[in-house]
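Taking it in order: structure first as structure tokens, then the write-up.
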Amino acid sequence: VLSGSDDANVRVWRARASEAGGKLRERERAAVEYRQALTKRFGHLPEVRRILKYRALPGSLKKAAKRKREAADSENRKLENRRIHSKDSEATREGERSKRIARERV
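Start counting the sequence shown at 1; every next residue gets the next number (full-length UniProt numbering).
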């Protein structure tokens, strides 16, 4: 895939970023074609589709997302417990829209 820009630069992009660039040996090319034929033939099966759809996520990002989710769950659980164990007048829940905006992204 070719793309051009206003500053007269031409960039060459791969259609499939995961594929290696350059020429392949005959056996490598045959192996790639065979794998593609298998995925085309059996891609509709749920097991194969699950394998093809899988994208690995770095462990640090996965752990950070898990910690953030745990913190949010803990906060929600704490607010719910406060609401349950308080008097009715103090148990009003603040809506998401009425909360103060900490940071606005543009």
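Ideal Cβ positions, reconstructed from N, Cα and C, are used throughout, including at glycine.
These numbers come from a predicted model, not from an experiment.
Exercise for the section: Going by DSSP, name the residue or residues bridged to Arg-11. Expected result: For this step, residue 11 is matched to residue 11 along the sequence shown. Looking at the DSSP assignment, Arg-11 forms a beta bridge with Ser-3.
Handout entry: Val-48 versus Ala-56: straight-line alpha-carbon distance, rounded
Key = Residue numbering aside, residue 48 sits at position 48 when the sequence shown is read from its first letter. Residue numbering aside, residue 56 sits at position 56 when the sequence shown is read from its first letter. Cα to Cα, Val-48 sits roughly 16 Å from Ala-56.
Problem - Member of Lys-66, Glu-104 and Arg-25 whose CA lies at the smallest distance from the CA of Pro-58 - result: Looking up residue 58 in the sequence shown gives position 58. Checked all of Lys-66, Glu-104 and Arg-25; the closest Cα to Pro-58 is Lys-66.
Exercise for the section: Assuming Arg-11 contacts Ser-3 (C-beta within less than 8 Å), just tell me the rounded distance between them. Expected result: Here residue 11 is taken as the residue at index 11 of the sequence shown, counted from 1. Here residue 3 is taken as the residue at index 3 of the sequence shown, counted from 1. About 5 Å separates the two Cβ atoms, so the contact holds.
Handout entry: For Ser-18, the three-state DSSP class (helix, strand or coil)
Key = In the sequence shown, the residue the question calls residue 18 occupies position 18. Three-state result, Ser-18: coil.
Practice task
Using the Cα positions of Gln-36 and Lys-62, report the straight-line distance between them to the nearest angstrom.
Solution key: Looking up residue 36 in the sequence shown gives position 36. Looking up residue 62 in the sequence shown gives position 62. C-alpha separation (whole angstroms): 30 Å.
Exercise for the section: Note down, one range per segment and in chain order, each alpha helix (DSSP H) of at least 4 residues found wholly within the UniProt domain "Sof1-like protein" (15-101). Expected result: 26-42, 46-53 and 59-84
Handout entry: Candidates Lys-53, Arg-97, Glu-28 and Arg-27, of which the one nearest Thr-39 by Cα
Key = Translated into the one-based positions of the sequence shown, residue 39 becomes position 39. Comparing Cα-Cα distances from Thr-39 to each of Lys-53, Arg-97, Glu-28 and Arg-27, the minimum goes to Lys-53.
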